[in-house]
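Notes follow once the structure below has been shown.
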Amino acid sequence: MLYSFNTYHKLMIDKAEQSVSRMKDLVARDPMRMKYHFMAPAYWLNDPNGLIHFRGEYHLFYQHHPYSAQWGAMHWGHAVSKDLVHWKHLPIALAPSESYDLHERGGCFSGCAVDHDGVLTLFYTGSVIRDGKVVQTQCIATSHDGISFEKYVGNPVISESPQGSARDFRDPKVWRHEDKWYMVVGSSKDGKGRALLYRSSDLYVWEYFNVLAESDGSMGTMWECPDVFPIGDRFVLMFSPMGMDDRQTVYLTGQLDYETGQFISESCGHVDYGFDFYAPQSFEDGKGRRIIIGWLNSWNWMPWFISHGPTSSNHWCGAMSIPRTVVMGKHGRLKFQPVEELTVLRDDHYHVDRMVVADMEQVLPIEGVGLEIIAVFRLADCDAVEFGIKMRVSENGQEETVLSYLHSTGELQFDRNCSDNWSQGIRKCKLARSDNDQLKLHIFVDTCVVEVFANDGYAAMSNNIYPNPDHKGLKIYSRGGKIVLESLDIWKLKSSWD
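Be aware that the sequence shown starts at 658, since it is given in this note's numbering, and climbs by one per residue.
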């Protein structure tokens, strides 16, 4: 039987929805499910897509495989929120259905959303394999109600990468400047990552403009999910470089020359120092804030065909980070801070004004799998070798996740080697000494992740952990001397899914 163009797309969406519907109730009962981080109703989730504030609601689209908890033919899941905290699942927005996106090892890859005169317009990469070669093109789908999407009959709107660029050609991000639309697309050349710039007058006919920026050989082999946005008097180019060891997401600050189509970089930094923060996307909301959300996982620390965590055996895998605002700090460095709306989740509260921790472990009288912690330490008279917080501690102390500050080196360290029977590894980042000689840690603990923001967000660190849900203990400790804890606030957090 032959189907009309978008009728077949709807059939593929209905099929995917039925698959998720059969599993979601079972998945919802899993004690490993996150309390306040966004997850798909069931099965696989990766990159955030199409983040936009549209008609008074926040829209979150995401890479989704609705048939298993492993990566597969990519669809676009969809959810909306009034407050960035409580999310409502909507029908799947995009499913592979056409010659340019229908393939079991391809599909509707990552992209973005724009408001085009009241029409919610999605840009995505159609990815297929033809004659043993990857073919990636840029495509459009539109919606008048913000729920049901139709693919543009003229897809793909960009059918090939520029001459000399690799076949890796994906993840469009589109924005408007003056009277033109611009699109940045991730790519590579000769094994070096690059971002390509296009421009258009109508969103449908695009011309290649220039190489916006590219690696000098030290910044990865392929730039995934590039994003360009203004902050203050500067611009930011953010991307996730493949093949760059422990650097999952990078930002460059500088200037964007719209005359030449080139980004002039002035400084470089990490978006997140942890194991598990990848492919973030930014958007501006109705309050004028620049907000990013990232995928709480990565491709680099294990092969893509291996499960990204033990929850896959429970028929789900993947979650989004909490939303973070992006603020320009000193010397071109960015600060990433949790959005203020998260305070609505605060419940039971524990507060300490001052505590001296001298070569000991102090068990705290509040515990849980969903916590927000704000700890301020005084560094001026610290003589401890290290100090910090131990989270998700088991009763026998054999399982624990340790966030510590190494005083002699000024490094923040996250150690998950004893977190569970799955996670492993240590991540570190160097912290600049604050003007008031304090260390401030703002920590969000959920069932399977810890997100850390240090010194007002100049450093962020996100790491997945998979401890037993019954392991909820919390400790403050120091080793080799004393540290003064000037203040400590801990809140139990309510579930955003109830």
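Even for Gly, the Cβ is constructed at its ideal location relative to N, Cα and C.
Computed from a prediction, not measured in an experiment: that's the story for all the values here.
Next item on the list: Please report the Cβ distance between D758 and S784, rounded to the nearest whole angstrom; I am assuming they are in contact, meaning their Cβ atoms lie under 8 Å.
Entry: Sequence index remark: in the sequence shown, residue 758 carries index 101 (1-based). Sequence index remark: in the sequence shown, residue 784 carries index 127 (1-based). That pair is a contact at about 7 Å.
Next item on the list: Would you check if there are 3 or more beta carbon pairs closer than 8 Å linking the region 935 to 947 to the region 701 to 708?
Entry: Contact holds: three or more Cβ-Cβ distances are below 8 Å.
Check: What does C796 pair with, by DSSP beta-bridge criteria?
Finding: Translated into the one-based positions of the sequence shown, residue 796 becomes position 139. According to DSSP, which records beta bridges pairwise, C796 is partnered with Y781.
Notebook entry, point to check: Helix, strand or coil: which one does DSSP assign to R679?
Noted result: Within the sequence shown, numbered from 1, the residue matching residue 679 stands at position 22. Here R679 sits in helix by DSSP.
Next item on the list: Identify, in the order they occur along the chain, each residue of the same chain with its Cβ nearer than 6 Å to the Cβ of E1018, setting aside the five sequence neighbours on each side.
Entry: Working through the sequence shown from its first residue, we reach residue 1018 at position 361. Here the set comprises K1132, Y1134.
Notebook entry, point to check: Quick one: does D1146 have its CB under 8 Å from some CB of chain D?
Noted result: Any reference to chain D falls outside this structure, which holds one protein chain only.
Notebook entry, point to check: What residues match up with V863 in a beta bridge as DSSP calls it?
Noted result: For the purposes of this step, residue 863 is taken as the residue at position 206 of the sequence shown. Note that residue 863 is Trp in the sequence shown, not Val. Answer is S857.
Next item on the list: Under 6 Å Cβ to Cβ from P723, same chain only, skipping five residues before and after it: list those, please.
Entry: In the sequence shown, residue 723 corresponds to position 66, counting from 1. Correct list, in chain order: A673, S676, V677, Y700, H732.
Next item on the list: Taking only the alpha-carbon atoms, compute the straight-line gap between K992 and I888 and give it to the nearest angstrom.
Entry: Here residue 992 is taken as the residue at index 335 of the sequence shown, counted from 1. Here residue 888 is taken as the residue at index 231 of the sequence shown, counted from 1. Approximately 11 Å, taken between the alpha carbons.
Note to self: Taking the alpha carbon of R856 as the reference point, which residue from S924, R833, D802, V1020 has its own alpha carbon closest?
What the structure shows: Within the sequence shown, residue 856 is the residue found at index 199, counting from 1. Per the Cα distances, R833.
Checklist line | Continuous beta strand (DSSP E) assignments of at least 3 residues falling wholly in the region 869 to 897 | finding: 879 to 888
Checklist line | Sequence-distant residues of the same chain with beta carbon closer than 7 Å to D1004, five excluded per side | finding: Counting from 1 along the sequence shown, the entry for residue 1004 is found at position 347. If we look at D1004 and ignore the five residues flanking it on each side, its Cβ neighbours are W1148, K1149, L1150, K1151.
Checklist line | Check whether K846 and S822 have beta carbons under 8 Å apart | finding: Stepping through the sequence shown from its first residue, residue 846 is reached at position 189. Stepping through the sequence shown from its first residue, residue 822 is reached at position 165. Yes, Cβ-Cβ distance for K846 and S822 is below 8 Å.
Check: What residue ranges within the region 1048 to 1108 form continuous beta strand (DSSP E) runs of no fewer than 3 residues, ordered along the chain?
Finding: 1058 to 1063, 1068 to 1072, 1083 to 1087, 1095 to 1103
Item checked: Rounded distance between the beta-carbons of Y930 and M1048, thought under 8 Å -> For this step, residue 1048 is matched to residue 391 along the sequence shown. For this step, residue 930 is matched to residue 273 along the sequence shown. With 8 Å as the limit, M1048 and Y930 do not qualify as a contact, their Cβ atoms being about 17 Å apart.
Next item on the list: Label K1129 either buried or exposed according to how many other C-beta atoms from any shown protein chain fall within 10 Å of its C-beta, with 16 as the threshold for buried.
Entry: As a position in the sequence shown, residue 1129 is number 472, starting the count at 1. Result: buried.
Check: Pick from C1086, K667, A730, F1044: whose alpha carbon is nearest that of C765?
Finding: One-based indexing of the sequence shown puts residue 765 at position 108. Answer by Cα proximity: A730.
Note to self: Three or more C-beta pairs under 8 Å: does that hold for the region 973 to 982 against the region 765 to 781?
What the structure shows: With a cut-off of 8 Å on Cβ pairs, the region 973 to 982 is not in contact with the region 765 to 781, counting fewer than three such pairs.
Notebook entry, point to check: With distances taken between CB atoms, is the gap from L853 to V862 smaller than 8 Å?
Noted result: Within the sequence shown, numbered from 1, the residue matching residue 853 stands at position 196. Within the sequence shown, numbered from 1, the residue matching residue 862 stands at position 205. Their beta carbons are not under 8 Å apart, which means L853 does not touch V862 by this criterion.
Next item on the list: Can you check DSSP and say which residues form a bridge with N1120?
Entry: Mapped onto the sequence shown, residue 1120 falls at position 463. Per DSSP, V1107.
Check: For T794, is the classification buried or exposed, using 16 other Cβ atoms within 10 angstroms of its Cβ as the cut-off for buried?
Finding: Position 137 of the sequence shown, counted from the start, is the residue given in the question as residue 794. T794 should be labelled buried.
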